[in-house]
Amino acid sequence: MSDKSPDSGAAAAEAWSRYWASGPLHSCPNAFAGNYDDEIRDFWMSFFGSLPDGASILDIGTGNGAVAFLARDAADALKRRFHIEGIDAAVIHPAAAAARHGIEAGDIVFRGNTSCERTGYPDGHFDAASSQYAIEYSRIDDSLKELARVLKPGGVAGFVIHHAGSEALVTTLAELKAFDYLRREAPLVVASRRLLRRLSGAGSAAELEARMNDRDTQEQQKEIRKLLQRVSAYGRSRPHAGFLEGIATQVAATLQQTRAIGTGAALDRLAVLEGEMTAHRERLRAMVQAGKSRDDIGEFCALAVAAGFAVDAPHELRRGGRDLLGWVVGARRLSNEP
Ligand SMILES: C[S@@+](CC[C@H](N)C(=O)[O-])C[C@H]1O[C@@H](n2cnc3c(N)ncnc32)[C@H](O)[C@@H]1O
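Be aware that the sequence shown starts at 1, since it is given in the numbering used here, and climbs by one per residue.
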């Protein structure tokens, strides 16, 4: 289960940093317009609502703080006060994301660049810990041991974990397939970069004009037009591949504007687009790896027991009794006493 290398961790953190900088409150913006709602919110309101006034809570893999904000909602609803901290391995922007959603960041403490395998908190510091679609992205056994260390004896942990059979995972696999098509079978971005590089070798405006109209350029443009059509057609015809149409549109616009903005700026735009695509693909890949089958979730629970938790039987969380949202696991840190 814990096969994450430090390098894959760095690439993933970079990919998530890009995502959180773009401003969302959480990682499921297509499913929930504001903060998490429905059964997910209900679960967390009940979990946090079971904590006494003054409890201290650590939300791991907090992203832009969605679950930390739910913890505060639970406190407000019950007229309690919690001390809430949220950590994430990525660079995060919870205050800006919250403001965009009309939420006050208030006195919640957020720390980016902080992994859940090594939080830096003292032993027995928190009464409760939460993780939503987070611990499964980390080296799980190390993270569970760390959580057991920073929780007080008797402290509780709640986990909502990606389910291998959820709609979110099905969508993710389809998106990865679309990326593979773009990379292997319709290399639009590569072909466009090749053309722009060739044009950028022109020493003068006159030479550029000549190159733009020469035979090689015509041939390359013809090939790119074909690729644009194929990529758009794939995006239109396959489920969850619509984002390929957006990529095709951006590439086409960049090429069209080359005369006006210059080849250097056009290459820069392509590089930005490629950076976004790489980060998106990295997040999708990590999500697929994170999805847990029933056997995997059993293994997760066994690791939690080995780390010093008593664990409730895992159960599936569904929306409206139908769509799978994930696995729910509740755990309690056992006392050190025999
Ligand atoms: C799918 S997002 C979930 C974010 C948030 N909990 C939510 O529900 O919106 C996964 C988050 O886990 C973070 N993450 C992944 N590995 C981590 C690690 N080892 N330590 C801390 N955070 C990690 C990522 O940076 C990312 O922000």
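Built from N, CA and C at the ideal position, the CB exists for glycine as well.
For Ser17, name the three-state secondary structure that DSSP assigns. Here Ser17 sits in helix by DSSP.
Any heavy atom of ligand 1 closer than 7 Å to the Cβ of His93? Flag unset: Cβ of His93 not near ligand 1.
What's the C-alpha gap between Val67 and Gly165? Taking the straight line joining both Cα atoms gives about 23 Å.
Any heavy atom of ligand 1 within a distance shorter than 7 Å of the CB on Glu117? Relative to the non-hydrogen atoms of ligand 1, the Cβ of Glu117 comes within a distance shorter than 7 Å of at least one.
Is Ser27 near ligand 1 - that is, is its Cβ less than 7 Å away from at least one heavy atom of it? Checking the Cβ of Ser27 against ligand 1 gives yes.
CA nearest to the CA of His163, picked from Asn336, Arg332, Asp323 and Gly155: Checking every option, the nearest Cα to that of His163 belongs to Asp323.
With DSSP as the reference, label Arg322 as helix, strand or coil. In this structure, Arg322 counts as coil in the three-state DSSP scheme.
What are the residues that DSSP puts in a beta bridge with Trp44? DSSP lists no partner for Trp44.
Can you tell me where the alpha helix (DSSP H) holding His240 begins and where it ends? The continuous stretches of alpha helix (DSSP H) do not include His240, and DSSP gives it neither H nor E.
Can you round the beta-carbon distance between Leu270 and Ile224 to whole angstroms, since I take them to be within the 8 Å contact cut? So it is not a contact: roughly 12 Å between Cβ atoms.
Report the start-end ranges of each alpha helix (DSSP H) in the region 125-183 that is 4 residues or longer and not cut off at the edges. Segments of the alpha helix (DSSP H) lying fully in the region 125-183: 140-150 and 167-180.
Are there any heavy atoms of ligand 1 lying less than 7 Å away from the beta-carbon of Gln132, as far as the coordinates show? Yes - ligand 1 has a heavy atom lying nearer than 7 Å to the Cβ of Gln132.
contact_flag[the region 96-110, the region 65-85] where n(CB pairs < 8 Å) is 3 or more: Flag = yes, the region 96-110 and the region 65-85 touch.
Alpha-carbon spacing of Gly34 relative to Arg198, whole angstroms: Their backbone Cα atoms lie some 46 Å apart in a straight line.
Only counting runs of 3 or more residues, tell me where the beta strand (DSSP E) segments fall wholly within the region 94-119, in order along the chain. Taking only runs of at least 3 residues, the beta strand (DSSP E) segments lying wholly in the region 94-119 are 109-111.
Ala178 versus Pro94 - alpha carbon distance: The C-alpha of Pro94 is placed about 31 Å away from the C-alpha of Ala178.
So Ser204 and Thr263 are in contact, right, with Cβ under 8 Å, and what is the actual spacing, rounded? Rounded, the Cβ-Cβ distance is 13 Å, inconsistent with contact.
If you count every other CB in all the chains shown that lies within 10 Å of the CB of Val109, and 16 or more means buried, which is it? With fewer than 16 Cβ atoms within 10 Å of its Cβ, Val109 is classed as exposed.
Whose C-beta lies closer than 7 Å to the C-beta of Leu208 among residues of the same chain, with five residues either side of it excluded? The beta carbon of Leu208 sits closer than 7 Å to the beta carbons of Leu199 and Ala202 from its chain, once the five residues preceding and following it are set aside; these are given in chain order.
Is there at least one non-hydrogen atom of ligand 1 closer than 7 Å to the beta-carbon of Ser232? False, no ligand heavy atom lies under 7 Å from that Cβ.
Does the distance from the CB of Asn64 to the CB of Ile87 come in under 8 Å? No, the pair does not count as a contact, with Cβ atoms beyond the cut-off.
Does DSSP put Gly208 in a helix, a strand or coil? Per the sequence shown, residue 208 should be read as Leu rather than Gly. Helix at Leu208.
Quick check on the DSSP output: the beta strand (DSSP E) that includes His280 runs from which residue to which? His280 -> not in any beta strand (DSSP E); alpha helix (DSSP H) instead, spanning Thr263 to Ala290.
Could you check if Arg333 is buried or exposed, using at least 16 other CB atoms within 10 Å of its CB as the buried criterion? With 16 or more Cβ atoms within 10 Å of its Cβ, Arg333 is classed as buried.
Between the alpha carbons of Glu245 and Arg285, how many angstroms are there, rounded? Between Glu245 and Arg285, the C-alpha separation is close to 21 Å.
At a cut-off of 7 Å, would you count Tyr181 as near ligand 1, judging by its Cβ distance to the nearest heavy atom? Every heavy atom of ligand 1 is 7 Å or more from the Cβ of Tyr181, so no.
Close-in-space but distant-in-sequence residues of the same chain around Asp268 (CB under 6 Å, 5 per side omitted): Hits under 6 Å: none found.
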